[in-house]
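Student: Per my numbering, the very first residue in the sequence shown carries number 341; after that it's consecutive. For each residue, glycine too, the CB sits at the ideal point set by N, CA and C. I have a structure here, written as structure tokens, and I will follow up with some questions on it.
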Amino acid sequence: MVPVQNAQYFMSDLKLPIPSLHCLARPFEAEMEDDEFLTLFVPNDLLSSVLTESDMRSVRVDGGCGLLLANYLLLLKRSLPGLRITEVPHVFEATRHLIAACLAPSRDRFAESQRPIDTVILEQVRKYIAQKLADRDLTPETLCAGLGLSRSRLYRIFEPLGGVSTCIRQQRLLKTRDALADSSDRRSISRIAEEWGFVDPSAYSRAFRHEFGISPSEARQEGWVNGTSLTRQTVQHSSNGKLSLGHLLQALAH
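Written out as structure tokens, the structure reads:
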């Protein structure tokens with residue numbers, strides 16, 4: 341059983357509680373200030389192949405391993421409603437290996453849990469991008485500096501998703517699309533584009549058409565008529581570019 345408070349978080353800016361493992365065969369009492377917490381029940385045989393009996397005693401997982409495990413469990417909770425049956429085996433194995441690596445760290449165990457670790461990092465980077473999206477200075481270099489990541493690792497994690505620069509551009513295009521579909525937003529197209537970092541109107545129009553299949557002016561017209569911008573990729577981006585945990589794990593496997 342791994343209890344973790346259910347709290348909003350982002351990297352080290354917010355204090356995460358320390359996850360802990362408790363054996364249900366032993367008495368357990370605890371007091372929590374928050375009335376919300378997350379509990380994952382883990383069968384003994386799930387970890388017996390990778391952990392010794394002493395590793396599975398009641399322990400607190402602090403330090404970097406604790407932060408990593410807490411972030412992963414919160415990501416797992418958020419992703420469960422959208423998880424597909426075909427994704428369950430990937431999530432099962434990833435969760436098993438990550439818990440084992442955090443409870444009994446070793447080079448081999450962290451190597452086996454690389455995918456879930458990369459998934460946690462990817463999710464944190466995406467949150468950082470969302471917070472800084474309107475900043476024109478947002479680049480892979482500033483991401484590395486702000487999150488303490490190496491350039492090579494950042495690029496490797498985002499490679500299956502088309503690259504970090506592509507993800508930033510897509511999120512910005514989504515913001516402009518939402519603004520264009522809003523009939524109450526009477527700003528010019530160039531003003532909206534500039535707000536989200538597109539200073540060249542021609543380059544913005546080409547990027548918008550490539551992403552959604554129509555021009556910005558057509559998106560505005562459709563949005564005002566239909567109440568939403570109905571483009572070729574609306575369904576794909578309906579959740580603002582968010583992917584389920586299963587999707588992320590599968591993408592990072594390639």
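For Leu520, which residues from the same chain have a beta carbon less than 8 Å from its beta carbon, with the 5 sequence-adjacent residues on both sides left out?
Tutor: Position 180 of the sequence shown, counted from the start, is the residue given in the question as residue 520. Closer than 8 Å at the Cβ level, and outside the excluded window around Leu520, lie Ile529, Ile532, Pro556, Ala559, Arg560, Gly563 and Ser569.
Student: Please report how far the alpha carbon of Ala474 lies from the alpha carbon of Thr506, in whole angstroms.
Tutor: As a first step, residue 474 must be located in the sequence shown, where it is residue number 134. As a first step, residue 506 must be located in the sequence shown, where it is residue number 166. Straight-line Cα distance between these residues: approximately 15 Å.
Student: When you compare only the Cα positions, how much space is there between Gln454 and Ser523?
Tutor: In the sequence shown, residue 454 corresponds to position 114, counting from 1. In the sequence shown, residue 523 corresponds to position 183, counting from 1. Taking the straight line joining both Cα atoms gives about 45 Å.
Student: Which one of Thr459, Asp540, Lys472 and Gln511 has the shortest CA to CA distance from Leu414?
Tutor: In the sequence shown, residue 414 corresponds to position 74, counting from 1. Among Thr459, Asp540, Lys472 and Gln511, the Cα nearest to that of Leu414 is on Thr459.
Student: Does the separation of the CB atoms of Pro456 and Cys405 fall below 8 Å?
Tutor: Stepping through the sequence shown from its first residue, residue 456 is reached at position 116. Stepping through the sequence shown from its first residue, residue 405 is reached at position 65. No.
Student: Rank Asp540, Asp477, Leu483 and Ile439 by C-alpha distance to the C-alpha of Lys467 and give the top, closest one.
Tutor: Taking the sequence shown and counting its residues from 1, one reaches residue 467 at position 127. Ranking the options by Cα distance to Lys467, first place goes to Leu483.
Student: Check Arg447 in the structure and name its three-state DSSP category.
Tutor: Translated into the one-based positions of the sequence shown, residue 447 becomes position 107. Three-state result, Arg447: helix.
Student: Would you say the region 433-440 touches the region 381-389, given that touching needs at least three Cβ pairs under 8 Å?
Tutor: These segments touch.
Student: Taking the DSSP output, what are the residues bridged to Arg517?
Tutor: Residue numbering aside, residue 517 sits at position 177 when the sequence shown is read from its first letter. Paired residues: none, contrary to the question.
Student: Tell me the rounded alpha-carbon separation between Tyr495 and Val504.
Tutor: Taking the sequence shown and counting its residues from 1, the one referred to as residue 495 is at position 155. Taking the sequence shown and counting its residues from 1, the one referred to as residue 504 is at position 164. Distance between the alpha carbons of Tyr495 and Val504 is about 7 Å.
Student: Compare the C-alpha of Arg366 against each of Val399, Thr379, Phe377 and Leu380 and name the closest.
Tutor: Here the question's residue 366 lines up with position 26 in the sequence shown. The option with the nearest alpha carbon to Arg366 is Val399.
Student: Would DSSP call Arg424 helix, strand or coil?
Tutor: Along the sequence shown, read from residue 1 onward, the residue named residue 424 stands at position 84. Coil.
Student: What does the Cβ neighbour count give for Gly488, buried or exposed, with the cut at 16 atoms within 10 Å?
Tutor: Indexing the sequence shown from 1 puts residue 488 at position 148. That one is exposed.
Student: Please classify Gly586 as buried or exposed, where buried requires at least 16 neighbouring CB atoms within 10 angstroms.
Tutor: To locate residue 586, count along the sequence shown from 1; it is residue 246. That one is buried.
Student: Return yes when the Cβ of Val401 is within less than 8 Å of the Cβ of Leu364, no when it is not.
Tutor: Counting from 1 along the sequence shown, the entry for residue 364 is found at position 24. Counting from 1 along the sequence shown, the entry for residue 401 is found at position 61. Against a cut-off of 8 Å, the Cβ pair of Val401 and Leu364 comes out as no contact.
Student: Can you list, in chain order, the residues of its chain with a C-beta nearer than 8 Å to that of Arg491? Leave out the 5 residues immediately preceding and following it.
Tutor: On the sequence shown, residue 491 is found 151 positions in, with the first residue counted as 1. Pro480, Glu481 and Cys484.
Student: Let me confirm a value: Thr435 is counted as buried when at least 16 other C-beta atoms fall within 10 Å, else exposed. Which label applies?
Tutor: Counted from its first residue, the sequence shown places residue 435 at position 95. Flag for Thr435 reads buried.
Student: Would you give the residue range spanned by the alpha helix (DSSP H) that Ala370 belongs to?
Tutor: Counting from 1 along the sequence shown, the entry for residue 370 is found at position 30. Segment: none, Ala370 is in no alpha helix (DSSP H) and carries neither H nor E.
Student: From the DSSP output, in three-state form, read off Phe432 for me.
Tutor: In the sequence shown, the residue the question calls residue 432 occupies position 92. Helix, per DSSP.
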